[in-house]
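Undergrad: Take this structure, written in structure tokens, and hold onto it; I'll ask about it next.
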Amino acid sequence: MAIFTTVIPAIHWFQASYLSPLNRIAIVIHGNTLVTGSKIMLCAIKGTDNKKIIAKDASKQDVPFYCPKCSKEVCLRKGRIRIHHFAHKPPVTCGHGIGESEAHRQCKTEIYKSLLKHPKVQDCELEKNLGSVIPDIFAVIDGTPVALEVQISSLTIDEVIRRTEDYSKKKIYLLWLGLRNKEFNEEKYSPKAWEKWLHAMYYGRVYYWVTGLKLQPIHFSDYHLYVKESTWYEDGEERSAGGYYKYSKRYKTPIKGKLVNITEHFQAMYRQIWKGGNIFIPECKLYIDRQNTWWKSE
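Right, dumping it as structure tokens:
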């Protein structure tokens, strides 16, 4: 496999280092873009019959609406540009729906619609309250209860771990997803902390949503920086440094696997507790694709 490189200047006083979750399944999407202070949701509870309703099916005649988490009143927001949704009335103390971007909500809605019409899927529901966690989508896929949660990048790793452990305790197999980034087409990419964590949890792969039920698995391979050779004179003597490759701690090379389908290409798997460096993976239940380690064959 080819080594992708970047040339960085050598510095004569610096050589050692370079500064600079088999009963249930949960799918989580980790978005990259935030709407600061936004606390909105796609579903709410109708005050007239205490039933859940999706924003796109709701109208002003159905008021009032309440948050399924905190039970406080929420407002219906409809528009031609932004996806239909509900929003908390200020002041807001509930964290349900906080930080979801427009791309995040569109992704969640499209996955829900695709599952809703799939022949292997039954009982599909948006934002089902499971107590300690509220998956964005719940469905029974090919006889298997599945929870899908579209996550957001405002979550800390500690919160991601807590949710992973909660799903495992509920016997839910977990699949975290990300939103695709155009930088995956480049030779080098700087993974965020949550991407590094998911990469470790899923044995060297991270899943990114493409369209419908299709996902793009990506492996982050080592990236090497080339330290350009340079010479200089010091105390009348010629000195030199550089002229070698070094492992980059920041950058990785994205290597794409074949596209996979949520309802066709995944299997449930138990994962033992693992710790490596500063990454801790709790004992958990994963939903992982059956694809071999494609990056090793390149």
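Numbered by full-length UniProt numbering, the letters in the sequence shown go through residues 1 to 298 in order. Ideal Cβ placement from N, Cα and C applies to all residues, glycine included.
#1: Please go through the same chain and pick out, in chain order, the residues whose beta-carbon is closer than 7 Å to the beta-carbon of residue 183, but skip the five residues on each side of it.
#2: Just the Cα atoms here: how many angstroms apart are residue 58 and residue 64?
#3: Please report the straight-line C-alpha distance between residue 280 and residue 231, rounded to a whole angstrom.
#4: Which full runs of the beta strand (DSSP E) of 3+ residues lie inside the segment 47–72, going along the chain?
#5: So, does the segment 135–155 touch the segment 249–261, judging by three or more C-beta pairs under 8 Å?
#6: Between 226, 211, 210, 205, which has its C-alpha nearest residue 219's C-alpha?
#7: Between the segment 154–168 and the segment 108–123, can you find at least three pairs of beta-carbon atoms closer than 8 Å?
#8: Among 287, 283, 112, which has the Cα closest to the Cα of residue 269?
#9: By the DSSP assignment, the alpha helix (DSSP H) with residue 124 in it spans what residues?
#10: Quick one: residues in its chain with C-beta nearer than 6 Å to the C-beta of residue 7, no 5 flanking neighbours on either side, listed in chain order?
#11: According to the neighbour-count rule (16 or more other Cβ atoms, all chains shown, within 10 Å of its Cβ), is residue 285 buried or exposed?
#12: If you count every other CB in all the chains shown that lies within 10 Å of the CB of residue 271, and 16 or more means buried, which is it?
#13: Quick check: the Cα distance between residue 108 and residue 195, rounded to an integer number of angstroms?
#14: In chain order, what residues of the same chain have a beta carbon less than 7 Å from the beta carbon of residue 78, not counting five sequence neighbours either side?
#15: What does the alpha-carbon distance come out to for the pair residue 86 and residue 73?
#16: From this set, 278, 69, 112, 246, which residue's C-alpha is nearest residue 200's C-alpha?
#17: Please look up how many angstroms separate the CB atoms of residue 94 and residue 75, rounded, as I've assumed it's under 8 Å.
#18: Could you have a look at residue 249 and say whether DSSP puts it in helix, strand or coil?
#19: Here's the rule I'm using: 16 or more other beta-carbon atoms within 10 Å means buried, otherwise exposed. How should residue 222 be labelled?
#20: Between residue 51 and residue 202, what straight-line distance do the alpha-carbon atoms span, to the nearest angstrom?
#21: Hey, quick one: how far does the alpha helix (DSSP H) through residue 78 stretch, first residue to last?
#22: From 176, 216, 213, pick the residue whose C-alpha is nearest to that of residue 198; which is it?
TA: Walking through what the data contain:
#1: 189
#2: 11 Å
#3: 43 Å
#4: 52–54
#5: no
#6: 205
#7: no
#8: 287
#9: First-last for residue 124: 121–126, but that is the beta strand (DSSP E), not the alpha helix (DSSP H).
#10: Bear in mind that the predicted position of residue 7 carries a pLDDT of just 38, short of 50, making it too unreliable to give a figure here.
#11: buried
#12: buried
#13: 19 Å
#14: 84
#15: 10 Å
#16: 278
#17: Not quite, the Cβ-Cβ distance comes to about 13 Å (not below 8 Å), so this is no contact.
#18: strand
#19: exposed
#20: 37 Å
#21: Looking at the DSSP string, residue 78 is not in any alpha helix (DSSP H), and its letter there is neither H nor E.
#22: 176
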